[in-house]
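Residue numbers (this note's numbering): 1 to 590. We put the beta carbon where it would ideally sit given N, CA and C, even for glycine.
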């Protein structure tokens, strides 16, 4: 085989053989193995550098509940095997490169040995020895170098392949044996080699025939006739045939959730107790705190998943309408800047969804450092619970439906049955009672002192049934509680006032017998200035409270509520006699 291969490839001229051998060595040694070795080195280094990040990603998915412990172990093992593979291939590339070098050394040894044997043992001249033994040495080197080149190319393909789920063998088999062209070319080359004199004809011709038959089968598979139009039409008609549906019933009509929380799929683990999710417990605590502070039990929060949201997003709805949304990242912490902190944090900058303060999402490693710097650090469950609590406080009036009012009345009836029996609904209809409570809640007035509210309604029900007027009189009765809710136990009230000239203009415009007729420009200036002053008061850590005449309190409160929801509006009659007033900022006209 070696002699026949040498005569065929180099025509019996060893000089040509040496040139061909040198070309193959250059391709193998300088191109293929050099590139494969460099790829292996870089891949091994990058893979090892990326290992901590990949392992952290697995831990993050495990903490987020996206995978279980078994899947986490499988992924960690996969990361380790990938690192071991590229590390091993870095070493294997050295063996492949060594094989190319060994081919050169073997050729030199064969040439020297051939000269020695031919001239010393057989008495040949130098020319005859070169013609015989160098020809055989070059043929042997070429026969050995071609498989070495194939091995080098195979190693380079394994190292430089793009990672896929299938292994390399399956990919090569799929790409080679499913292609008629590749099989046909292989068959032609094998048959051509089988026709060369001195080559093993039977082996090459049989293998060529096998590959040719495989090419024919692959071509037949590609040219397989498609389904007839009738078959396609029948299949489409079967798919399009409507399924038998049951008759619609009232059970198909689902009521709108009064208060809902929709979660992206990454946040579902927060409500799964099996995954140590305690969001439901936090929500129960939010409802309990709301009831203790505001004065009525809010409706239950309906928690459900929503695949239309971003994976880490959540949405809070009220009567089916979104009132708030945000993002939370399980396993991470939100570092909130309460103001004045300039220490930089490594994390994702964001905004506190509840109060709009600047914040960063950080990992657990930075938690302690952020707390030491003065940041308020909370977990994702607390972020969502705080946001929900804030929105419930803002929309408390809308949460007080007829059902909650009836439950409140029934609760009071247990401790004061005669009071409820005499007032509701005999003196005050349940609808009027509900509207009065909603008006109080719109002004952020808590209704915990429900007995005082009902008694005040009983005293004034014979005078008026107007909910707004009844709410005004209830506010006067609750004045000490309202002031304490705003200012705490202090007796000196720092209030925001309106310039006397602007105040007279507002009283004249808002108490017109023909209805309120406030100029839009004046209203715009007033609301903008009120919002600015309210923000300034909050930045100073002082309550934002506007003091106005009684007859325009309701109108002013409605006017500034949209632009400054945390600005409280008090009437002069709502200031208790035990408290003193200190005028602070003054709202002026244009």
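Residue i bridges to which residues according to DSSP?
{"i": "residue 260", "result": "302, 317"}
{"i": "residue 545", "result": "568"}
{"i": "residue 333", "result": "362, 379"}
{"i": "residue 582", "result": "494"}
{"i": "residue 587", "result": "498"}
{"i": "residue 325", "result": "315"}
{"i": "residue 202", "result": "The partner list for residue 202 (beta bridge, DSSP) is empty, contrary to what the question assumes."}
{"i": "residue 349", "result": "360"}
Mind checking whether residue i and residue j have CB atoms under 8 Å apart?
{"i": "residue 564", "j": "residue 534", "result": "yes"}
{"i": "residue 282", "j": "residue 298", "result": "no"}
{"i": "residue 448", "j": "residue 264", "result": "no"}
{"i": "residue 204", "j": "residue 183", "result": "no"}
{"i": "residue 335", "j": "residue 375", "result": "yes"}
{"i": "residue 427", "j": "residue 385", "result": "no"}
{"i": "residue 560", "j": "residue 527", "result": "yes"}
{"i": "residue 89", "j": "residue 158", "result": "yes"}
{"i": "residue 400", "j": "residue 441", "result": "yes"}
{"i": "residue 496", "j": "residue 544", "result": "yes"}
{"i": "residue 424", "j": "residue 574", "result": "no"}
{"i": "residue 28", "j": "residue 132", "result": "no"}
{"i": "residue 408", "j": "residue 453", "result": "no"}
{"i": "residue 579", "j": "residue 473", "result": "no"}
{"i": "residue 270", "j": "residue 316", "result": "no"}
{"i": "residue 100", "j": "residue 25", "result": "yes"}
{"i": "residue 320", "j": "residue 257", "result": "yes"}
{"i": "residue 587", "j": "residue 531", "result": "no"}
{"i": "residue 106", "j": "residue 144", "result": "yes"}
{"i": "residue 36", "j": "residue 93", "result": "yes"}
{"i": "residue 341", "j": "residue 373", "result": "yes"}
{"i": "residue 493", "j": "residue 582", "result": "yes"}
{"i": "residue 191", "j": "residue 208", "result": "yes"}
{"i": "residue 479", "j": "residue 456", "result": "no"}
With distances taken Cα to Cα, identify the nearest neighbour of residue i among the options.
{"i": "residue 488", "options": "375, 583, 542", "result": "542"}
{"i": "residue 569", "options": "85, 109, 445, 192", "result": "445"}
{"i": "residue 180", "options": "273, 201, 219", "result": "219"}
{"i": "residue 284", "options": "400, 216, 381, 206", "result": "381"}
{"i": "residue 149", "options": "251, 96, 341, 74", "result": "96"}
{"i": "residue 359", "options": "465, 472, 338", "result": "338"}
{"i": "residue 438", "options": "467, 456, 144", "result": "467"}
{"i": "residue 259", "options": "248, 389, 363", "result": "389"}
{"i": "residue 114", "options": "571, 137, 103", "result": "137"}
{"i": "residue 141", "options": "102, 554, 117", "result": "102"}
{"i": "residue 160", "options": "39, 193, 188, 584", "result": "39"}
{"i": "residue 436", "options": "470, 420, 456", "result": "470"}
{"i": "residue 475", "options": "464, 432, 554, 501", "result": "554"}
{"i": "residue 434", "options": "465, 421, 422", "result": "465"}
{"i": "residue 50", "options": "35, 83, 30", "result": "83"}
{"i": "residue 308", "options": "266, 348, 572", "result": "266"}
{"i": "residue 74", "options": "86, 87, 91, 54", "result": "54"}
{"i": "residue 108", "options": "91, 135, 479, 249", "result": "135"}
{"i": "residue 596", "options": "518, 494, 207", "result": "Because the chain spans 1 through 590 in this model, residue 596 falls outside it and cannot be assessed."}
{"i": "residue 584", "options": "557, 556, 547", "result": "547"}
{"i": "residue 280", "options": "550, 301, 306, 377", "result": "301"}
Would you say residue i reaches chain C, if we count a Cβ-Cβ gap shorter than 8 Å as a contact?
{"i": "residue 563", "result": "In summary, chain C is missing from the structure at hand, where a single protein chain is found."}
Inter-stretch contact (C-beta, 8 Å, three-pair minimum) for the stretch 384-402 and the stretch 323-331: Three or more Cβ pairs drawn from the stretch 384-402 and the stretch 323-331 lie within less than 8 Å of each other, which places the two stretches in contact.
Given 8 Å, three or more beta-carbon pairs between the stretch 399-416 and the stretch 538-547: Not touching, per the Cβ criterion.
Stretch pair the stretch 65-84 + the stretch 110-130: three plus CB contacts closer than 8 Å: Because the criterion of three Cβ pairs below 8 Å is not met, the stretch 65-84 and the stretch 110-130 do not touch.
Alpha helix (DSSP H) segments (min. 4 residues) lying fully within the stretch 464-528: Taken in chain order, the complete alpha helix (DSSP H) segments of 4 residues or longer contained in the stretch 464-528 are 467-477, 479-487, 500-510.
4 or more residues per run - each alpha helix (DSSP H) lying fully within the stretch 364-435: For the stretch 364-435, whole alpha helix (DSSP H) runs of length 4 or above, ordered along the chain, are 367-373, 380-394, 396-399, 402-415, 417-423.
Cβ contact (3+ pairs, closer than 8 Å) linking the stretch 38-55 and the stretch 337-352: They do not touch, by the three-pair rule.
Stretch pair the stretch 486-506 + the stretch 330-342: three plus CB contacts closer than 8 Å: Cβ pair count under 8 Å is below three, so no.
Contact the stretch 21-31 vs the stretch 76-84: 3+ CB pairs below 8 Å: Output reads no: the stretch 76-84 does not touch the stretch 21-31.
Uninterrupted alpha helix (DSSP H) stretches inside the stretch 71-139 (no shorter than 4 residues): Those alpha helix (DSSP H) runs which fall completely within the stretch 71-139 and span 4+ residues are 126-129.
Length-filtered (4 minimum) alpha helix (DSSP H) runs lying within the stretch 28-59: Fully enclosed alpha helix (DSSP H) runs of no fewer than 4 residues are not present anywhere in the stretch 28-59.
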